[in-house]
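>
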Amino acid sequence: MKRLFAVALGILTAIGGFVDIGDLVTNAVVGSRFGLGLVWVVLVGVIGICLFAQMSGRVAAVSGRATFEIIRERLGPRAAVANLGASFLINLMTLTAEVGGIALALQLATSVEPMLWMPLAAFGVWIVVWRAKFSILENVTGLLGLSLIVFAVALFLLKPDWSGLAAQAVTPQVPAGEESPTYWYYAIALFGAAMTPYEVFFFSSGAIEEKWTVKDLSQSRSNVLVGFPLGGLLSIAIAACAAVVLMPRSIDVTSLSQVVLPVAEAGGKVALAFVIVGILAATFGAALETTLSSGYTLAQFFGWSWGKFRRPVKAARFHLTMIICLLLGLGVLFTGVDPILVTEYSVVFSAVALPLTYLPILIISNDPQYMGRHVNGRLTNGLGLVYLGIILVASLAAIPLMIITGAGA
Amino acid sequence: MRSHRLTTPPPAAGQVLDAQLSLLDRQVLDRTGVPVTTVDDIEVSDVPEGAIPVDAAPPVITAIVTGPVLATRIFGGRLPESRYIRIPWSDVSSVETVVRLGVDGEALDASWTERWVRDHIIRRIPGGRHDPE
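The listed protein sequences correspond, in order, to chains B and R. One rule links them: number in our numbering = place in the first sequence (from 1) + 1. One rule links them: number in our numbering = place in the second sequence (from 1) + 34.
1. Measuring alpha carbon to alpha carbon, tell me which residue in V78/R, P102/R, V99/R is nearest A91/R.
2. Rounded to the nearest angstrom, what separates R149/R and V261/B at their Cα positions?
3. Would a check of beta-carbon distances place M35/R closer than 8 angstroms to chain B?
4. Between the region 47-55 of chain R and the region 87-94 of chain B, can you find at least three pairs of beta-carbon atoms closer than 8 angstroms?
5. Output needed in chain order: residues of the region 105-122 of chain R with a Cβ under 8 angstroms from some Cβ in chain B.
6. If I measure Cβ to Cβ from I12/B and keep anything under 6 angstroms in the same chain, skipping five residues before and after, which residues do I get?
7. The region 315-333 of chain B: which residues have C-beta closer than 9 angstroms to a C-beta of chain A, in chain order?
8. Please check the pair E200/B and I362/B, which I expect to be a contact at CB under 8 angstroms, by giving their CB distance rounded to whole angstroms.
9. For a minimum of 4 consecutive residues, which ranges assigned as the alpha helix (DSSP H) are wholly contained in the region 376-405 of chain B?
10. Quick check on this structure: which residue in A110/B, V82/B, A238/B, G193/B has the alpha carbon closest to the alpha carbon of S33/B?
11. Return the chain-ordered list of same chain residues with a C-beta closer than 6 angstroms to the C-beta of I392/B, the five sequence neighbours on each side being excluded.
12. Taking 8 angstroms as the limit between beta carbons, can you name the residues of its chain near M35/R, skipping five residues before and five after?
13. Quick one: which unbroken alpha helix (DSSP H) runs of 4-plus residues sit fully inside the region 37-90 of chain B? Chain order, please.
14. Taking beta-carbon pairs under 9 angstroms, can you tell me which members of the region 271-303 of chain B lie near chain R?
15. List the residues of chain R whose Cβ lies closer than 9 angstroms to the Cβ of A133/B, in chain order.
16. Can you tell me the Cα-Cα spacing of V43/B and M372/B, whole angstroms?
17. Please list, in chain order, the chain B residues whose beta carbon lies closer than 9 angstroms to that of Q49/R.
18. Flag I121/R as yes when its Cβ comes closer than 7 angstroms to any non-hydrogen atom of the ligand ATP, and as no otherwise.
19. Give the DSSP bridge partners of Q61/R, in chain order.
20. Between the C-alpha atoms of V376/B and R75/B, what's the straight-line distance to the nearest angstrom?
21. Secondary structure at L158/B, three-state DSSP: helix, strand or coil?
22. Which residues in chain R sit within 7 angstroms of R79/B, going by Cβ to Cβ distance?
23. Can you list the alpha helix (DSSP H) stretches of 4 or more residues lying completely in the region 247-306 of chain B, in chain order?
24. Does E70/B get closer than 8 angstroms to chain R when you measure Cβ to Cβ?
25. Hey, how far is the Cα of F275/B from the Cα of V47/B?
26. Is there a C-beta anywhere in chain R that falls below 8 angstroms from the one on W213/B?
27. Which ranges does the alpha helix (DSSP H) cover as unbroken runs of at least 4 residues, wholly within the region 307-371 of chain B, from first to last along the chain?
28. Evaluate P340/B with the Cβ neighbour count: other Cβ atoms within 10 Å of its Cβ, from every protein chain shown; 16 or more gives buried, anything less gives exposed.
29. Along chain R, in chain order, which residues have C-beta atoms closer than 7 angstroms to that of S306/B?
30. Alpha carbon to alpha carbon, how far is L107/B from P230/B? Give it in angstroms, no decimals.
31. Residue range of the alpha helix (DSSP H) that I128/B falls in?
32. Quick one: using the 10 Å Cβ neighbour count with 16 as the cut-off for buried, is M116/B buried or exposed?
33. Mapping the DSSP letters down to three states, classify P182/B as helix, strand or coil.
34. Measuring straight from C-alpha to C-alpha, what distance separates R66/B and Q301/B?
35. From the DSSP output, in three-state form, read off M35/R for me.
36. Can you look up I173/R in the DSSP assignment and give me helix, strand or coil?
Here you go:
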């Protein structure tokens, strides 16, 4: 019974934790402009993150080494420091977007200026990182994030033309009035949103925080393989809601209020309350994950003591890094930059940085010195190589497409 | 230059390590398993210049080097002697996928930044000394 509970809890938190501000915004933007014509990207992204997260979790559980220790050990200090620089900056950008997202969600709930909520949001994230146990922060935000299921409920309440939606999803095409580079630019953004690199740092370091061993592998596999695809369904529901309500009226998504508009229209105040709780939990959870990831990457590169299972005084530089990163994120937000814009850029740059983390994990999960008999099987390696190709193409095409399309304008 | 065919090295006693592959950039843990640093560089005892006498002692690793030396491996250059932070090789107890020390990390020079940040910043913030709840 206890075991069943643990499995269910793991899956539920994986679903609730899958969606973050990047998924929310990008899916709504894409849904309002391309309908369900990019759903296939979400599917590709979900399979990718399953593969990737499962591999990095297995490496951490078997070898006891987290992702960035391995990156440095395999690539040497030069390539690793370049990798660290890119990963750390993009993570910082995502962190900024998530903290901004918390403030925007609080604005939806209270109509108080987001600028006033931002310091409180950052402080809230810090106090949880400082004091709360790892398992609690994981489970609470993951479970509350499940309120986002209201997007799926709203979709049913909207009584859409299901066959029309299915046709959009099955035979993807560039809608009239959109250029094909723009279509591909958003395809990469959506891919980056589903496969954000911080999830891998977080997942592998989390495995060490929770002291996973080989015995926990099957449970982690079920969490990932069931939880993430269901989380992906939530992403698709967000896009579908936007496709049904926003696209026909050609409403552009430029703020969170447009993201939640379809839900409010379908389910009124109650649904709106649910969606605000869900967004708050999703952004807060992701803000915690990115904050921790900033500490994890730096500490693992330099070999510092890290981890939430230690008291802050036992991992001093790790905690100092996180405090500084939160302050930096807050500083960026205080310049008055639109958090939605930061989000849109962060998902594209995530796609650019993906090969940097993906390749070392693929290499190390084939190294018997680390993995013993738990090295990758043929199927995983085959899929891994296919994804390496996809990730490389997406990474190389992202910046040129960004320039050609004027960032998807 | 005449090319010499190298003679096969004499059989070594104990574990054979490739320093580049299985020593550099590995995590260093102390006696209790707490991370101390990463192997940023290693120091090897002097190799005599010119012809090597037959009975010369083989060079040995004398220390793990850490701290600012990492920058020289990335950007090149040399550090003044005073900036090297060493962990004597005699403190090492085993080399696996990590390098384990037989001493407490707390007493090592290599952990001075950790101690400084802890004593001057983290310890002064309320709650820093307690277990997470």
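All C-beta atoms in this analysis are idealised placements derived from N, C-alpha and C, irrespective of residue type, glycine included.
Short version:
1. V78/R
2. 48 angstroms
3. Legend: pLDDT at M35/R = 47, less than 50; position of this residue unreliable, value from coordinates given subsequently. It does not; no Cβ of chain B falls within 8 angstroms.
4. no
5. Listed by position, the residues of the region 105-122 of chain R near chain B (Cβ gap below 8 angstroms) are R107, I108.
6. N224, V227, G228
7. The question asks about chain A, but that chain is absent: this structure's protein chains are B and R.
8. Wrong, their Cβ atoms sit about 12 angstroms apart, outside the cutoff.
9. none
10. A238/B
11. L355, P356, Y359
12. Residue confidence is low: M35/R scores 47 on pLDDT, short of 50, so the model does not pin down where it sits. Its coordinate-derived value is still stated next. Nothing meets the Cβ criterion.
13. 40-64
14. A300, Q301, F302, F303
15. Neighbourhood of A133/B in chain R, by CB distance below 9 angstroms: P166, E167, in chain order.
16. 30 angstroms
17. Correct list: empty, because the minimum Cβ distance to chain B is about 13 angstroms.
18. Although the ligand ATP was asked about, the structure shown includes no ligands whatsoever.
19. Answer is T72/R, bridged to Q61/R.
20. 16 angstroms
21. Here DSSP, grouped into helix, strand and coil, assigns L158/B to helix.
22. Below the 7 angstroms Cβ cutoff, chain R contributes I108 as neighbours of R79/B, in chain order.
23. 257-303
24. Closer than 8 angstroms to some Cβ of chain R, the Cβ of E70/B qualifies, so yes.
25. 25 angstroms
26. no
27. 317-335, 340-365
28. buried
29. V68, P69, E148
30. 28 angstroms
31. 115-132
32. exposed
33. Correct three-state label for P182/B: helix.
34. 9 angstroms
35. Per-residue confidence for M35/R stands at a pLDDT of 47, beneath the threshold of 50, marking its modelled position as unreliable; no derived number is given.
36. Because chain R in this structure spans residues 35 to 167, residue 173/R falls outside the shown range and cannot be described.
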